[in-house]
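Numbering (this note's numbering), first residue to last: 15 to 364.
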């Protein structure tokens with residue numbers, strides 16, 4: 015999905031930076047019945063650059079690493095780095111996230127594994143979770159319908175196929191609608207986070223004039239949107255025009271430093287400097303549930319983007335089950351003994 019990027023000043027110097035050296039990365043978790051996980055990372059790049067300044071997920075010298083050079087159908091050169099490691103449990107994976115010094119180190123990530131014995135079957139659940147970056151804010155579900163949420167979280171290639179298919183006009187219009195509503199959500203979230211941080215930094219000394227309720231009553235969100243649409247929000251913020259209009263000229267200089275700091279913090283939490291990648295989960299036994307998408311190998315996968323975990327954790331989970339053959343055998347033997355005993359008693363009585 016081609017998403018437009020909001021540029022504003024209270025949204026504080028909020029320009030997302032994209033690196034041409036960012037590798038296309040896929041992380042595959044192969045979950046084993048005992049809770050151990052074989053973790054594979056495949057990175058592809060147009061340049062032979064895979065240093066920490068661009069890598070999305072952590073790995074080190076303890077991994078088995080293989081480098082190769084491949085060619086596309088058009089004859090272009092692709093550098094490929096593959097890394098693999100067996101982790102005893104999810105705690106070991108979480109330790110690598112905690113020690114991460116790569117590009118996405120500021121985002122809190124973790125994994126979890128659960129195993130439940132249910133006599134004839136054993137059920138498993140594995141999840142990879144990214145914690146939310148905002149303190150509060152408004153979830154996307156307040157702005158998007160269920161169908162629009164499905165589109166928003168769908169992989170780009172799936173949406174691109176629809177936008178270039180027989181109903182291209184319909185889906186392109188639909189995509190634009192989703193983008194517009196997402197932008198409104200981002201604007202409101204930055205405003206909300208700014209108010210929260212401003213009141214925290216001023217210790218409440220600024221009074222109750224700058225709460226989301228009072229700002230909304232004065233049309234703060236509409237004010238931000240209108241200036242954003244004419245691409246003049248930066249100047250409106252930097253000159254103090256907005257602050258004067260919504261708080262008062264007398265306190266402009268008094269709280270300008272706190273206002274700028276609050277805007278910076280709000281921007282960092284809403285427009286996270288983050289390199290996207292893809293997560294895959296291969297479960298033991300038969301897959302019985304997942305909130306992900308299915309690839310050609312019938313493995314669950316999820317695109318990972320910064321806008322997915324602003325106000326709510328982004329949890330990627332899959333569930334499966336295996337048949338406990340030994341339980342069936344034991345149960346069958348027990349049943350034979352029980353039936354045999356019943357028959358024996360019946361014969362003896364006769």
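Every residue gets a Cβ at the ideal spot worked out from N, C-alpha and C, and that includes glycine.
Of all C-beta pairs linking the stretch 127 to 140 to the stretch 154 to 168, fewer than three are shorter than 8 angstroms, placing the two stretches out of contact. Pairwise C-beta distances place the stretch 317 to 330 in contact with the stretch 140 to 156, as three or more of them are shorter than 8 angstroms. Bounds of the beta strand (DSSP E) holding residue 81 are 78 to 85. Residue 103 places its beta carbon less than 7 angstroms from that of residue 49. Taking C-beta atoms as the reference points, residue 212 and residue 278 fail to come closer than 7 angstroms. Nearest to residue 284 by C-alpha distance, out of 330, 66, 120 and 219, is 120. Below 8 angstroms, enough C-beta pairs join the stretch 93 to 112 and the stretch 64 to 79 to call them touching: three or more. Distance check between residue 329 and each of 320, 337 and 335 places 320 closest, using alpha-carbon atoms only.
7 angstroms or more divides the Cβ of residue 82 from the Cβ of residue 68.
Judged by DSSP secondary structure, residue 107 falls outside any beta strand (DSSP E) and instead within the alpha helix (DSSP H) spanning 104 to 112. Listed in chain order, the alpha helix (DSSP H) runs fully inside the stretch 265 to 347 are 266 to 284, counting runs of at least 4 residues.
One Cα belongs to residue 275, the other to residue 281, and the distance between them is close to 10 angstroms. Rounded to the nearest angstrom, the gap between the Cα atoms of residue 318 and residue 286 is 13 angstroms. Residue 290 has its alpha-carbon roughly 22 angstroms from the corresponding atom of residue 52.
By the C-beta density criterion, residue 202 is buried, having at least 16 other C-beta atoms within 10 angstroms. Here residue 211 carries a helix assignment [DSSP, helix/strand/coil]. Using a 10 angstroms sphere on the CB of residue 304, the tally of other CB atoms reaches 16 or more, which defines it as buried.
Rounded to whole angstroms, the Cβ separation of residue 41 and residue 214 is 35 angstroms, and the two are not in contact under 8 angstroms. For residue 338, the closest C-alpha among the options 118, 185, 39 and 134 is that of 134. Taken through DSSP and simplified to helix, strand or coil, residue 165 comes out as helix.
Between residue 92 and residue 84, the C-beta gap is smaller than 7 angstroms, which places the two residues in contact. Here residue 61 carries a coil assignment [DSSP, helix/strand/coil]. The shortest C-alpha to C-alpha distance from residue 216 to any of 177, 271, 184 and 171 is the one to 271.
Annotated three-state conformation of residue 41 is strand, per DSSP.
Residue 316 and residue 38 have their C-alpha atoms roughly 14 angstroms apart. Shown here, residue 122 sits in coil according to DSSP, grouped into three states, outside any helix or strand. Taking all protein chains in view, the Cβ of residue 314 is crowded by 16 or more other Cβ atoms within 10 Å, so the residue is classified as buried.
A residue is called buried once 16 or more other Cβ atoms fall within 10 Å of its Cβ, and residue 300, having fewer, is exposed. Straight-line measurement puts the Cα of residue 80 at about 47 angstroms from the Cα of residue 210.
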